[in-house]
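What follows is one structure encoded as structure tokens, with my remarks underneath.
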Amino acid sequence: MDFKDIFFYLIAIYILGTGIMAVSTRKIFRASIWLLFSLIGIAAFYFWLNLEFLAAVQVAVYVGGIVVLIIFSIFLTQKTGNQMAKTGTQQTIFAALASLLGFALTAYLVYQHHFGSNQTQELDASIENIGTQMLNPGDGGFLLPFEAVSMLLLSALIGCIVIAMKIKKEETA
Amino acid sequence: MGLELLFTLKHELLISLSIFLLLFIFVGSNHTKGATIIHIVNALLLISVFFFLFEPKQSFVFNQMFESNGLIQFQKSILSLGLLLISALSFQWLKHHKNVIEFYLLLLSSLLGMFFMISAANMLFFYLGLELATIPLAAAANFDLEKRKSGEAAMKLIYSSAFSSALLLLGISFVYGLTGSLNFTEISEKIPVNALSQFAFILVFSGFAFKMSVVPFHLWTADVYEGAPVPVTAFLSVVSKAAISFVFVQVLFKVFIHLELSYTISLAVVSICTMLLGNLFAMRQENIKRFLAFSSIAQVGYILIALMGSHEVAQSAIIYFLLVYVFSNLAAFGVIGIISNSLGKENISDYKGFYQQNKFLSWALAIALFSLAGVPPTAGFFGKFFLILAAASKGYYLLIVIAALNMIISFYYYLRIVRNIFMETSENPMPQVLVQPITKVALIVCLIGMIVLGLYGPVYEYIAAFAKPF
Amino acid sequence: MNLLLLIIIPFLTAVVILTAKDFKQSRSIALVGASIQLVLAFFLLNQYQAAKALVQTEAFVFEQSFEWFPSLGIQFLIGVDGISIAMILLTALVVVAGILVSFTMEELHKEFFFLLILLSLGAYGFFISLDIFTLFFFLEVAVIPKFLLIGIWGSGAKQKSAMKLALMLMGGSALIMVGLIGLYYFSNETGNRSFNMLVLAQYPISYAAQLVFFPFLFAGFGVFTALFPFHTWVPDGHSSAPTAASMFLAGISMKLGGYGCLRVATYLMPDAAVHYAPIIITLASIAIIYGAFATLMQTDLKYINAYSSISHCGFVILGIGMLNKTAIVGAVMQMVSHGLMTALFFAAIGMMYQRTHTRLVSQLGGLLKVMPFISSVFVIAGLCSLGLPGFSGFVSEMTVFVGAWQNPNFWYRLATILACASIVVTAVYILRAAGSSVMGPITQKNFLHLTDAQWNEKLAAIVLLSGIVIIGIAPFLLTDLLSSSTDVLVEKIINTF
Amino acid sequence: MQNTNLVLLTLASPLLAFLLLGIFGSSSNWLKKGAGIIGTLLMAVSFFFASQLSLAYFLNQTPNHTQQILFSYTWLQFGSGLSIDMGALLDATSAMMLLVVTFISLMVHVFSLGYMHNDERFASYYAYLGLFTFSMLGLVISANIFQIYMFWELVGVSSFLLIGYYFNKQSAVAAAKKAFIVTRFADLGFLIGILTLGYYGESFDFLTLIGRLSDVQSPQFAAIGVASFAGISALTWGLLLVFMGGAGKSAMFPLHIWLPDAMEGPTPVSALIHAATMVVAGVFLVARLFPIFAIAAPHTLDIIAYIGIFSALFAALIACTQTDIKRVLAYSTMSQIGFMMFALGVSGYGAENGAGFSASLFHLFTHAFFKSLLFLGAGAIIHYVHSNEMEDMGGLRKHMPITHISFLIACLAISGIPPFAGFFSKEAILHAAYQSNPAIYYMALFTSFLTAFYMFRLYFSIFWSTQKAAQDNAHGEGTWSMKIPLILLAIASVLFGFIPFSEYVSTDGKPIATHLDVLFSIAPVTLGVLGILLAKQLYQKASVKPQKIALALGSAYGFVKNKFYIDEVYQYITKKMLFAWVARPAAWIDKNIIDGFYLLLAQLTQFSSVYIKGIQSGKVQAYAMYFFAGILSLASLLFYVLK
Amino acid sequence: MTPVGLPHILLLSTALFFIGMFGFFTRRNLITMLMSLELMLNSVNINFVAFNKYLYPQNLSGVFFVIFIITIAAAEAAVAIAIIINLFRSSDSIDVTDAEEMKF
């Protein structure tokens, strides 16, 4: 067991711990902060895997984008200190049962499956490489998905605007 | 290369062009009338419908991600036709909607997503197409901004679909883990048959099943259909469903071909559930949109049993069925949309004595329902018969019997509406509704489609010709 | 002769009806169309006999084939033999009569005639189809018009009846569909798949497969022809329907089932037919005797006729189940005869109902005095129903009986005796009905002012009556037509014995 | 060929009358008026041809009367070599029947001219008569057992129409229905008998059938003898069932119940159908198939004989107690047919053995005349007093002299008093019975005593006794059209006994010498006279003696007067058993169980549809849970199946 | 204890996935449900990256997939939040149990 392993375990515990907090705390604002921590933990995990670019994207998009969006919406819809309504016991039990069963099944399947390993080659996840491939129309290129996702973002943008427009109107009115 | 690529991507390019046209020319200008925009989009869509006539040869472009061939082009044309018809049928609603451009932008994006999805030969690209097809729709479902139900529908759609995407992604990640590839052909070659691969398959399957509204992944369907504006419901129920079914056929028959036993078992179970639950729920619906939601769930059940048959027959039968389904379901939604829009009535009981004042609409709705029920001479009959014929090709006769029994139940509820329209008399039946000329034309096109597709054999033969290379 | 005309003319008629301006126009168009069709049917008979005389062939004539869905082996294949021609003639007669009795209609006349013609189109198409897919197609084409005709223009609990009828018939269709698909896949397993009846007959499916799929097909068609215990749509459906629709239903539509049982189920799966014959016969004799007894308890004239139809159609099934030439010829004759007779019956009941506004036996009485023509027609229809010589009912029933008696098996004999016994019960209910509604003292004062039949109603009755009487007096006309065609059917069955 | 045309013409003229009057009678006014004349003329034509044919047959073809097929046309070809042929079989029996039927029918036509002339449905009446005559003629010339069945049914329906002629009268309709249904029930047996005989005999043709089944050597005979059901051979079954048909039409016990009720029809109709012609069809039928009965299955003849004599006695007993004159006559008809029937039953085949056969048909022949005379007389009386009840009559001999005389002649004839026709035929019957079965003979003797008694009870009550009120003298005895038939028939009743009948009609066509054994005749004639005297004693003057006797007999009298409660038994069987235990449950089952089953299916579907609605709870999270549960269960299914 | 490898990472991602799922099943607030969804997507991302890194390092498919998932997640979240806000506007609640109007 070397440092790397210990780091992994630490990161893992961190991710899971904050994740559990994020889904269980009854204060919504705190939940969002726990989520933030958890996402940062995942970014850290990417660092651990030497995928710096991915870690950066994770931080930029999730931490900088999504969580901020979430916090904004919390501000818009909620008083921060409020505790959230409690879930029914029955629902909790079923949810827990389903999740546990699912976890058990998946974990078992993953565990019993013997993935081969290919350590001969190192993953080349340099920003340069990613950039070239991203805009390459030919073999190994991801130009088309890149274009597609731009359309997706565009339409999401339009959708958000249309839905939000009404609010603006209400405010003015 | 260049011209050929243009040809390969002609549907996508045209739709993107439309999107940009709308985005850059019209969004800013406030003077443009809704009607003009609608006509322009319709014209573009009409062109897209006929694109399939210029079919390119089989080609893979963009890192083997994008596939194109005659069948795919044809499917894209069907989807374009679907949107075109929806657009024409909901002319009235669109004309008066202040966000008509945005509406088109969303639906066109969604259509583009479907084109990507159909053409996808790669899991990543497929996933992107799927999301591009879904996310704008969720936004579009919320287009009746002042209606609470619309919001609820949009919420249910986006949450359910996000949840299902998460599971689909988990599945894809396992597939990736098992094969090391995202390319469909490579996956199909490399995928092993073991517990994990089956689990991964089921996860992917559930993603498709969700979009196709297969029981028990269907629960969002009715609520969303009910709450969303009629054109969106129509789009969801017809175009979206057709698109995902097209892909599903390819994915099952090409990617997971080695898991045939698994998928056959899964299909057998879910198809029975789908037909049964869809029909049982449809029986007791009061809201006509909700009713159509369940009835379309039941229809999916028949598609599923066809999937279990031998590939050539199944593929052509399903595509044919979906083509017919586009016409029949859209005609039904068209009439419902007109009524919902001009009178605000969406309940089956509101249709009592409908025939007294609205003869054309009544016949259109009735014929659409007959086609959905599978009664000759409408094409629905042929569609259903071929599906069942396909299912029997591998000898699943028990399923056929179950399907046949389900058809009787489905017959009951379709006739229930016909009964309300023609036989019930009402003290105050719906007043005569003005039908826009373009809407009327679209309805007539649907009616002609419903009648002619079956009686005119070459349509099916055209589709069947694609299936030969399997 | 081009058989397509038989489909095209009703189609054109239906289309032209939609352009009619008022009731008079639509009914005249319908009448003209139906009359042309009647003329055509006789012309077809003539041509058929000429063709037969020319070539001594037992096969179908005037065959025409169009590719429909070649990749699935589905053709649009039409052709006729003696049996189909008999059924076509029946249809043509009933259609003309049905339109003739529908000369008063308050609303939605275009739709009414349109649907009637559509229904007849389905029947014509059914009878000329030689491809079982086409046949099935036309069979189902005829279902929806029935539903609408009953539900819109019917009386009483019309919606419920219409629904029940449609659902049960669709149930039958669903069964038929399973059977057809079984035939499709199990016949000629190495060669090209086909729904072509002639090909299917050439390559019979394996015995095991026959045993599985025969019940589907037979029961499916049985639903249409009111095979016990799938008959419950008949009473409600027939009695709720408007007069013309009742006539079509009982006169034509129920025959589709009998024809299908014979042409499709028995012809294509003779081994299974032999195997299941005892069951078929048992069900048929139950239907016959049970239907007859159930009729005794009915109080509504239409119900009486509907239940008696169950009983009479039992003879068709019985004849088919006996699997010998005489009985099968008898079954077909019974189809024709029952078609004409029951249509006449319904026509008479309709005319009476239109005037008296009641169909209850207990409320009617003495009508013979005020409307002698209608009442006589009613009595004659009744007499035909109870198998009086000189009318078609007698010859067809006797042919069935003689055929049925050819099998010395005790069980068959018992079934035949039960079937024979029904003619007594038939006499009882017919006479009860006639005795209290047409005869007896006049029960209501206002009956005295009622008028007798109009020219159109008289013509309708005469059209049907002439059919009944001609067959009754000269049955050889019909048997000559049927004989050689049944030989083909029976040959297959005999080969399997 | 000549004969063929004659037969066809004989049949065609009444048919023409039927079609003409039936179709156009109600619309054309002059047809309505002239219906009687037209019908009668056509009937006369028919009679003319028939008599030509028969007389030619009898007079030319002595001594051996062969059976000739005049023509035969395949009418309905069945698959297995069987066919219904329309043909005409001319032999002594049918020639005799042709004569009888046309003659009586003509008389009735003529009589009806007066009797029915005020009726508003005059044309229909004659149309029906035409139909009946046509059917009856068709019946007697039938060359094929199926053909006879067809005409048999037609006869039945024309009988129905004529009984129910006064269709506004509830009782007439009821009687018509009863007659039709009871005979129909009997015909069921007939039909099955035909099927059985036809199946084994491989033909429906009379001559072929008789040839095969009465030939012990033929393969068909072997087959039908071997085949059996319930220990009785198919031949016996077939013959008995055919006889059942005959018994129904001929009102043999226990299928006789329709006959008395049938008197609801117009009286001339009763004379024609229910006295002279249709009711003897059963006798005719047995006679037609007689060789088979006699040669192949003589034991069936015993059954016929016993049924015959029992019916004769039974009916005679009832007749003594009835007060409605037509009913008395009806029972007497039944009794007389019983005579004919047992005469057939005691007969053998060939030469002298076949004396019973000849006697039976002889009685049929004479009975036709005197019984129709009785009925027409009764018709005249009813026409005069407007009542059927004996109590309303009395002392009519002065008012209706012709009727009186003719009626008396008929009564004497039926009582077997020489030299009237009945004497000869009855004598022959008794003789045949005496020779073959003394038990039957004694019973027959007693019956003939009863016959004389009740006939004269009738006679005295009507024509003597004391005059009752309510007699309408306005229109006198009736028109000449009513009187002439009476006279003609009376003449026939006197003279026709002298015909040497058995020389013309016998089992094998060879003439048998008629012989009159005076010594043998003493007993029956004496008994007849005794009966008459007894009746005279009791009924010539109105007195209380009959009531006293009735009282003395007590419940036995009531029992007989109520016709042994046979009607009630039938009522019980039909209403209480068939209706209550078969028809009602059938209808109930249909509505509740079979239809209910489908309803239950529908409701189950409906119910399950409501039951599962909770799945669609509207909760997104629940949806997701179902979603995931679906995945889990599919996965576990796959793992389970694939392991 | 074996050195950290693919199975451990997969276990982590699986655990995270089902934590997210548990959250999705139980949270009543729509925003927190969205957060749970994000957790699930992230766990899938871990899967892709791990497979790519440990098993198939010859190309970058997994990493690209992750990048696109992150993008899509953002878009999805944006639309979802817009919808939530719209819902909040019309019913003044973002509790999921208040959005159960349409059922059965």
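Chains as they are written, first to last, in the numbering used here: chain E, 1304 to 1476; chain Z, -9 to 460; chain L, 17 to 513; chain B, 375 to 1017; chain Y, 109 to 212.
Every residue, glycine too, gets a C-beta built ideally from N, C-alpha and C.
Under the DSSP definition of a beta bridge, which residues are partnered with A462 (chain B)?
Beta-bridge pairing links A462 (chain B) to B:F445.
Got a sec, what are the start and stop residues for the alpha helix (DSSP H) Q980 (chain B) sits in?
In the DSSP assignment, Q980 (chain B) falls within the alpha helix (DSSP H) that extends over D969 to Y985.
Nearest to K935 (chain B) by CA position, among B:L513, B:E494, B:V381 and B:Y705, is which residue?
Nearest option by C-alpha distance: B:Y705.
Among residues of its own chain, excluding the 5 on either side of M375 (chain B), which ones have a beta-carbon nearer than 7 Å to its beta-carbon?
Bear in mind that a pLDDT of 45 at M375 (chain B), under 50, signals an unreliable position, so the model cannot answer this.
Beta carbons nearer than 9 Å to chain B: which residues of the region 1444 to 1469 of chain E have them?
Considering only beta carbons, no part of the region 1444 to 1469 of chain E lies closer than 9 Å to chain B.
Out of curiosity, what's the CA-to-CA distance linking I234 (chain Z) and F225 (chain Z)?
Taking the straight line joining both Cα atoms gives about 12 Å.
For Q451 (chain B), three-class secondary structure by DSSP
In this structure, Q451 (chain B) counts as strand in the three-state DSSP scheme.
Return the residues of the region 1394 to 1412 of chain E that lie within a Cβ-Cβ distance of less than 8 Å from chain B, sorted by chain order.
Taken in chain order, the members of the region 1394 to 1412 of chain E whose beta-carbon sits within less than 8 Å of a beta-carbon on chain B are Q1394, F1397, A1398, A1401, L1404, G1405 and L1408.
Can you look up S1429 (chain E) in the DSSP assignment and give me helix, strand or coil?
Note: S1429 (chain E) maps to coil in three-state DSSP.
Let's test the definition: count the other Cβ atoms within 10 Å of the Cβ of Y815 (chain B) and tell me whether it reaches 16, buried, or not, exposed.
Buried is the label assigned to Y815 (chain B), since at least 16 other Cβ atoms lie within 10 Å of its Cβ.
Between the Cα of S6 (chain Z) and those of Z:M397, Z:L122 and Z:I295, spot the shortest distance and give me the residue it belongs to.
In terms of CA proximity to S6 (chain Z), Z:L122 leads the group Z:M397, Z:L122 and Z:I295.
Could you tell me whether the Cβ of N1439 (chain E) comes closer than 9 Å to any Cβ of chain Z?
So yes, N1439 (chain E) belongs to the interface.
Which residue marks the beginning of the alpha helix (DSSP H) containing E763 (chain B), and which one marks its end?
No alpha helix (DSSP H) contains E763 (chain B), which DSSP labels as neither H nor E.
Out of L:G406, L:R371 and L:L481, state which residue places its alpha-carbon closest to the alpha-carbon of T358 (chain L).
Cα-wise, what sits closest to T358 (chain L) is L:L481.
Do the region 301 to 317 of chain Z and the region 61 to 71 of chain Z meet, that is, are 3 or more Cβ pairs less than 8 Å apart?
Taking one beta carbon from each stretch, the region 301 to 317 of chain Z and the region 61 to 71 of chain Z have 3 or more pairs nearer than 8 Å; the two touch.
Can you pull out the residues from the region 975 to 1001 of chain B whose beta carbon lies closer than 7 Å to at least one beta carbon of chain Y?
Residues K987, Q990, S991, G992, K993, V994, Q995, A998 and M999.
Taking C-alpha atoms, which residue in L:Q470, L:W84, L:F85 and L:L60 lies nearest to F78 (chain L)?
Of L:Q470, L:W84, L:F85 and L:L60, the residue nearest in Cα terms is L:L60.
Give the secondary structure of F50 (chain Z) by DSSP, where H, G and I count as helix, E and B as strand, and everything else as coil.
Note: F50 (chain Z) maps to strand in three-state DSSP.
Integer-rounded CB distance, given that L284 (chain L) should sit under 8 Å from L199 (chain L)
Sure, about 6 Å apart at Cβ, within 8 Å.
Is it the case that the Cβ atoms of S466 (chain Z) and F1002 (chain B) are separated by a distance below 9 Å?
The structure shown does not extend to residue 466 (chain Z), since chain Z is modelled only from -9 to 460, so the question has no answer here.
Output needed in chain order: residues of the region 143 to 169 of chain Y with a Cβ under 7 Å from some Cβ in chain Z.
Within the region 143 to 169 of chain Y, the qualifying residues are L145, M148, L149, V152, N155, F156, F159, L163, Y164 and S169.
Does DSSP put A1347 (chain E) in a helix, in a strand, or in coil?
A1347 (chain E) falls in the helix class under three-state DSSP.
Could you pull the start and end residues of the alpha helix (DSSP H) that G95 (chain L) belongs to?
Segment I90 to V96 is the beta strand (DSSP E) holding G95 (chain L); no alpha helix (DSSP H) there.
Under the three-state reduction of DSSP, which class applies to T1475 (chain E): helix, strand or coil?
Model confidence at T1475 (chain E) stands at a pLDDT of 40, short of 50, so the residue's coordinates are unreliable; what they give is reported in the following sentence. It is helical.
Assuming H630 (chain B) and M708 (chain B) are in contact, meaning their beta carbons sit under 8 Å apart, how far apart are those beta carbons, in whole angstroms?
Right, their Cβ atoms sit about 5 Å apart.
Helix, strand or coil for E417 (chain Z) per DSSP?
Reduced to three states, the DSSP call for E417 (chain Z) is coil.
Given a cut-off of 9 Å, decide if Y402 (chain Z) and Q275 (chain Z) are closer than it, judged by their beta-carbon atoms.
Cβ atoms of Q275 (chain Z) and Y402 (chain Z): not closer than 9 Å.
Interface partners of V391 (chain Z) on chain L, CB under 9 Å:
Contact note: V391 (chain Z) reaches chain L through A190, L191, V194 and F232, using a C-beta cutoff of 9 Å and chain order.
Just mark K1471 (chain E) as buried or exposed, buried being the case when its beta carbon has 16 or more other beta carbons within 10 Å.
Below a pLDDT of 50, predicted positions are generally treated as unreliable, and K1471 (chain E), at 46, falls in that range; the measurement from the model is reported next regardless. It is exposed - the Cβ of K1471 (chain E) has fewer than 16 other Cβ atoms within 10 Å.
Ordered along the chain, which non-local residues of its own chain (more than five positions away) have a Cβ less than 7 Å from that of L497 (chain L)?
Taking C-beta separations shorter than 7 Å and ignoring five residues to either side along the sequence, the partners of L497 (chain L) in its chain run G98, I101 and A102, following chain order.
Taking only beta-carbon positions, decide if S87 (chain L) is within less than 9 Å of chain Z.
Interface residue, yes.
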